[in-house]
Structures are given as C-alpha cells and as structure tokens.
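Q: Structure provided below as structure tokens; questions to follow.
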Amino acid sequence: MTTVYPTGTNSTSDSSKSFNILDYLDKLTPGKEKGKYICPVCKGHNLSIESKTGKYKCFSGDCAPADIREAIRPLAEFLADRAPGKKVHRSRSAATAPKKVVNHATIPAGLKLLKLAAPAIGPVPHKPDYFP
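Structure (structure tokens):
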C-alpha cells in the first residue's frame, strides 16, 4: 500500500512523495508469525504487513495508518529527504520474490515408456434433467 503525504499541492500521482512500508521493514521488530511485526505506536505484536502489496494494519491497538507512518519515519525526516537535488533511493527487493528454478527429470537410457494405443476418452459430461 502506497500512502501519499500531504504536501500542499494536488499532484498526488507523484510517486516521489509516497510512503512504502516495505522500504522500512528493517526499522520494525519482527513478531512470532510470518508477516507480523511489533507496532511502533501501541507496542502490540499484531502489526500485519503483506509482503507483496505493502498493505499494513495494526490489529492489536487499531492504530491509524498515519500514526504508524509517523512512528516509522517522521514527516520532517521524510520531507528533508525529498528536498530538491536529492536522489531518491527505493528498495523493492523485499516485494519481489525470486523465481523458482524447475529442474526437469531426465529419462534414463534404455528405459521403455508405456503409451496408450489410442487417445484416452473419458466419460462424456451431460446436463441432468432435474435440478432440486
């Protein structure tokens, strides 16, 4: 979930002004379950973060997303980093999962494979006459 900080302009589509919690997972303390962290606002162990989309919600104290953002990265620090002339660093490595490599099994030499004499024909589906 990408959240936009208010800057006094109406250009909310500018991605350089957005907040992505996946970039700040190193500032959070992991909980006991996967995808759960300790909430920086209420100190509850039920801050849930989706690793693919970045959506987050505190289920222990029902904290507002704005409060969670402010606790992780204060607005003054955010705006100071977005000053003109500064380069924006974005880390998306946590959001992208590595592709799985599939190793196909090889057939040993001299092994005979069985084939059907004709293509397999299964039962033909039909529509019942009566529906209860």
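The number in our numbering is simply the position in the sequence shown, starting from 1, with 354 added. Heads up, the beta-carbon is just placed ideally off N, CA and C, and yes, glycines get one too.
(1) According to DSSP, which residues form a beta bridge with Cys412?
(2) Pick helix, strand or coil for Tyr484, following the three-state DSSP scheme.
(3) DSSP on Lys390, reduced to helix/strand/coil?
(4) Can Gly415 and Val395 be called in contact, C-beta distance under 8 Å?
(5) With a cut-off of 8 Å, does the C-beta of Ile422 fall near any C-beta of chain C?
(6) Could you give the residue range of the alpha helix (DSSP H) that holds Arg423?
(7) Need the endpoints of the beta strand (DSSP E) that Asn374 sits in, please.
(8) For Leu465, count neighbouring C-beta atoms within 10 Å of its own C-beta (all shown protein chains included) and say buried if the count is 16 or more, exposed if not.
(9) Should Phe373 go down as buried or exposed, given a rule of 16 or more other Cβ atoms within 10 Å for buried?
A: If we stick to the structure as given:
(1) Leu401
(2) coil
(3) strand
(4) yes
(5) The chain labelled as chain C is not found in the depicted structure, where only one protein chain is given.
(6) Note, Arg423: alpha helix (DSSP H), 419-426.
(7) 372-374
(8) exposed
(9) By the neighbour-count rule (16 or more Cβ atoms within 10 Å), Phe373 is buried.
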